[in-house]
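Chains as they are written, first to last, in my numbering: chain A, -16 to 480; chain B, -16 to 480.
Yeah, the Cβ is synthetic: ideal placement off N, Cα and C, and Gly gets one too.
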């Protein structure tokens, strides 16, 4: 009977691929997003929070002739609206919002958006089906000044959240230059063009020699498998190699190399000119190659974007799972896309934007020790006499009014050891104790738990007995003494609220 | 042909009952939630962000024998987890999280949560299917000190976001007192108890006389319909009336009245004692009846909660749709509930908490003029010469580095009128102009758009021609002059970043 009942209990578990975030995981992210938001705001971008649910039609996912829409989104059928789905990014909703509200929005429209998105994908380690995005886009500005501005803003964001100059680099490329390269190669077959694009995408992994092989006859990969090549003659492949390897320290040299790579191509010329303009605009604002560079080896996203493409890379080294050094890598990317709104209105509207990888950037800040250091738990006021709860509540009220994070122990106070264990679990820096004797004498005991933990580790028995981490002070000095201890440990004393 | 294509275009619209939030709608809410979060944090509450998607099983919504789960939630069938749904509040997920992670969480566990929830209900005017909640709960504390603490915290929250003392009142009641009342009435029939509870819920609307009628023979309502009564004799109904009308200015008097109403009932006695304890604990912390009162007329939620119940009401008057004065009313409510975790673990875990109505509180702050006043748009640097975009970008960079919100016009600069129209739409306080002559003379024109708009309304033609709202200053004085104008209009000058 009891067993039957038990089997009816629901499992206490998130669905697969979802997770919960606790304490500093939530507040660190909120603080980081707030700092980014302030930079976006200063650049004239306005907040937009679109609904989490969109019609499948608006998202651009189309129904197959089966009962459910295709994989990739979480979708269901609504009585009023047919198939609807959770947004899978913040760009598709932007296109819908812009098309819906275009008569009321300024043109150009600069907007930022931050929030969760959902992907109906097989979850894996560190790969979740709900995660945060943090985007800024400019809709309706054809000028590459909009792209340059976003690159500068991205640099400001990284420095504001705590990535110092020198530890990041924003790399800018242009899809039109690549189109020019494909043009001079004389590739007219779409399949072959696609194959070349896929190969370029592998440049990061296989390097120049690898790309040469893959554009030609093919390549034996590390696993021993033979990868078929695109089948170009070495001469024909040359512009791709020239394009990928044209990066130099000086923007002028890189741009000259790119001019060579695109030959007589008009679209290629346009692309190089755009990069020149971006470099000039950034220089005018004081953003030099120590922050933003023209770099033709940026290939990620070239298939998706239609003009300038940019990527923010963190250049400091970390140790990977196997203890090997590697660069931290990409934390943000974006570029120009021009056809998103056209789906709705029939009119092409130029747009450009950036998306910051929230979890990646948080991991980087943790890596740099910017967040996730010592977490100050609350001061815990213990309960020695359950009939005097009012006295203890008065103490926490005083501490809180002084801006100090504090709480009274609300569990069963019978076992004092449990109260100290609780304070330990809360990472409390300070415990306050007021028994009957203290009350009678008008004093309180204040335990410095951080110092206490250090002493417990290192001290001799004599030192331990001296209890130098516990202080008896007049009741009226409670706040001052707690503040003194917090201050000694460089913790927030509430002095600035 | 063209027509066919057009009909294939997706509608640019949110699903019914969903909406988008723009600019200050987003940032005002974020600022309010941040202020509340800081109070929660100071009280020792930790952040929790649970996943938006839960298994239907964990949410406690059960499948009927048809294809889809019942109304109320947005649900769909997942390949891995069966039926899953968007959370409809923040309390059900808390129960699941607590059951799942109880070995790692401190006990008691104080947590706060803020975020959207979703309801699959018919949308109506001002009624949306996605909205924000902002909760704080303490799990695992049986003591009413936990309830008292949450009431004090709620008062702090309201004052922190900008509701001054005197403009709100937190009213506290206790379900156990009501249970005592039902006990002394000798009601053993569950249907009759339920009918009495429903009647009590109408006290706010129909008043004492109305409740008397409804507990007795029945009542003719305003529409002329006759509402059947519960059928109690006048004597039998008396304890309910005594309970509902026992509130007095002094807590001691209210509590004495309640003692009379509950007679010999043990559970009633427990309830009154709890209210006494809450009143004493709040008094010890300095929260008097100007902020928190014992008020037996709080009936909302009495059916759901198991112990203390509280509600925050804003007492200032507003005009309703028809121009009549009325009190603003409730913005937050909560209480003690003890069976939520038991569903998962079989063990009863005491819990108490509060939920702040985010949209209601925002509306109240707007009503009080705390938010939604003059919005400062960005300074707009106009483009007089498209070849000198670098110069203009340099200006905005200087302004931004000084902490001033600024942007360069990124649309087609050909028509200068469009640029000023854009600045108008952006609610820009200042426009900056640098044509060829200005460039040659090393000066810029700075237009005070706020003053300009005033002059355009009031000025004579002569005054208008004098253009006293436009200043020519040396290029080097750009930031200083803009700051001076912003300062004259009490706008953020970026001086504090």
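Identify whether residue i lies in helix, strand or coil by the three-state DSSP scheme.
| i | result |
| --- | --- |
| residue 49 of chain A | Residue placement at residue 49 of chain A cannot be trusted, given a pLDDT of 41 that sits under 50; the coordinates are not used to answer. |
| residue 224 of chain B | helix |
| residue 114 of chain A | strand |
| residue 57 of chain B | coil |
| residue 421 of chain A | helix |
| residue 143 of chain B | helix |
| residue 392 of chain A | coil |
| residue 473 of chain A | coil |
| residue 38 of chain B | strand |
| residue 94 of chain A | strand |
| residue 137 of chain B | helix |
| residue -1 of chain A | coil |
| residue 307 of chain B | coil |
| residue 293 of chain B | strand |
| residue 365 of chain B | coil |
| residue 105 of chain A | coil |
| residue 314 of chain A | strand |
Using CA coordinates, which residue listed in the options is at the minimum distance from residue i?
| i | options | result |
| --- | --- | --- |
| residue 302 of chain A | A/391, A/351 and A/41 | A/351 |
| residue 339 of chain B | B/138, B/123, B/203 and B/269 | B/138 |
| residue 419 of chain B | B/430, B/400 and B/368 | B/368 |
| residue 376 of chain A | B/263, B/469, B/150 and B/93 | B/263 |
| residue 393 of chain A | B/106, B/26 and B/170 | B/26 |
| residue 110 of chain A | A/30, A/-1 and A/313 | A/-1 |
| residue 195 of chain A | A/299, A/475, A/224 and A/287 | A/224 |
| residue 359 of chain A | A/299, A/282 and A/431 | A/431 |
| residue 372 of chain B | A/266, A/282 and A/384 | A/266 |
| residue 59 of chain B | B/80, B/127 and B/37 | B/37 |
| residue 94 of chain A | A/150, A/28 and A/82 | A/28 |
| residue 152 of chain A | A/407, A/298 and A/380 | A/298 |
| residue 314 of chain B | B/330, B/327 and B/294 | B/294 |
| residue 210 of chain B | B/189, B/248, B/237 and B/438 | B/189 |
Short check: CB of residue i to CB of residue j, under 8 Å?
| i | j | result |
| --- | --- | --- |
| residue 182 of chain A | residue 160 of chain A | no |
| residue 429 of chain A | residue 456 of chain A | yes |
| residue 119 of chain B | residue 133 of chain B | yes |
| residue 97 of chain A | residue 115 of chain A | yes |
| residue 388 of chain B | residue 362 of chain B | yes |
| residue 102 of chain B | residue 41 of chain B | no |
| residue 337 of chain B | residue 324 of chain B | no |
| residue 268 of chain A | residue 380 of chain B | yes |
The alpha helix (DSSP H) that contains residue i, what's its start and end?
| i | result |
| --- | --- |
| residue 19 of chain B | 7 to 25 |
| residue 540 of chain A | Past the boundaries of the shown model lies residue 540 of chain A; chain A is included only from -16 to 480, so the question cannot be answered. |
| residue 378 of chain A | 372 to 384 |
| residue 345 of chain A | 341 to 350 |
| residue 161 of chain B | 158 to 167 |
| residue 179 of chain B | 173 to 184 |
| residue 402 of chain A | 399 to 408 |
| residue 498 of chain A | Since the first and last residues shown for chain A are -16 and 480, residue 498 of chain A lies out of range. |
| residue 273 of chain B | Here residue 273 of chain B belongs to no alpha helix (DSSP H), and DSSP marks it neither H nor E. |
Going by DSSP, what residue range makes up the beta strand (DSSP E) through residue i?
| i | result |
| --- | --- |
| residue 76 of chain A | Taken as a continuous stretch (DSSP letters only), residue 76 of chain A belongs to no beta strand (DSSP E), being part of the alpha helix (DSSP H) at 74 to 84. |
| residue 453 of chain B | 453 to 457 |
| residue 203 of chain A | 201 to 203 |
| residue 327 of chain A | No beta strand (DSSP E) contains residue 327 of chain A, which is instead part of the alpha helix (DSSP H) from 325 to 328. |
| residue 416 of chain A | 413 to 416 |
Exercise. Is the region 145 to 165 of chain A close to the region 338 to 351 of chain A, with three or more CB pairs under 8 Å?
Worked result: Contact holds: three or more Cβ-Cβ distances are below 8 Å.
Problem set entry | At least three beta-carbon pairs within less than 8 Å, the region 301 to 318 of chain A to the region 219 to 232 of chain A | The region 301 to 318 of chain A vs the region 219 to 232 of chain A: no contact.
Problem set entry | Any 3 or more C-beta pairs closer than 8 Å across the region 26 to 45 of chain A and the region -1 to 11 of chain B | The region 26 to 45 of chain A vs the region -1 to 11 of chain B: in contact.
For this session: May I ask you to verify whether the region 276 to 290 of chain A touches the region 399 to 406 of chain B, counting CB pairs closer than 8 Å and requiring at least 3?
Result: Judged by Cβ distances under 8 Å, the region 276 to 290 of chain A makes no contact with the region 399 to 406 of chain B, as fewer than three pairs qualify.
Exercise. Can at least three beta-carbon pairs, one atom from the region 154 to 172 of chain A and one from the region 54 to 64 of chain A, be found at a separation below 8 Å?
Worked result: At 8 Å Cβ cutoff, the stretches do not touch.
For this session: Check whether the region 185 to 201 of chain B touches the region 234 to 253 of chain B, counting contact only when three or more Cβ pairs, one atom from each stretch, lie closer than 8 Å.
Result: No, the region 185 to 201 of chain B is not in contact with the region 234 to 253 of chain B.
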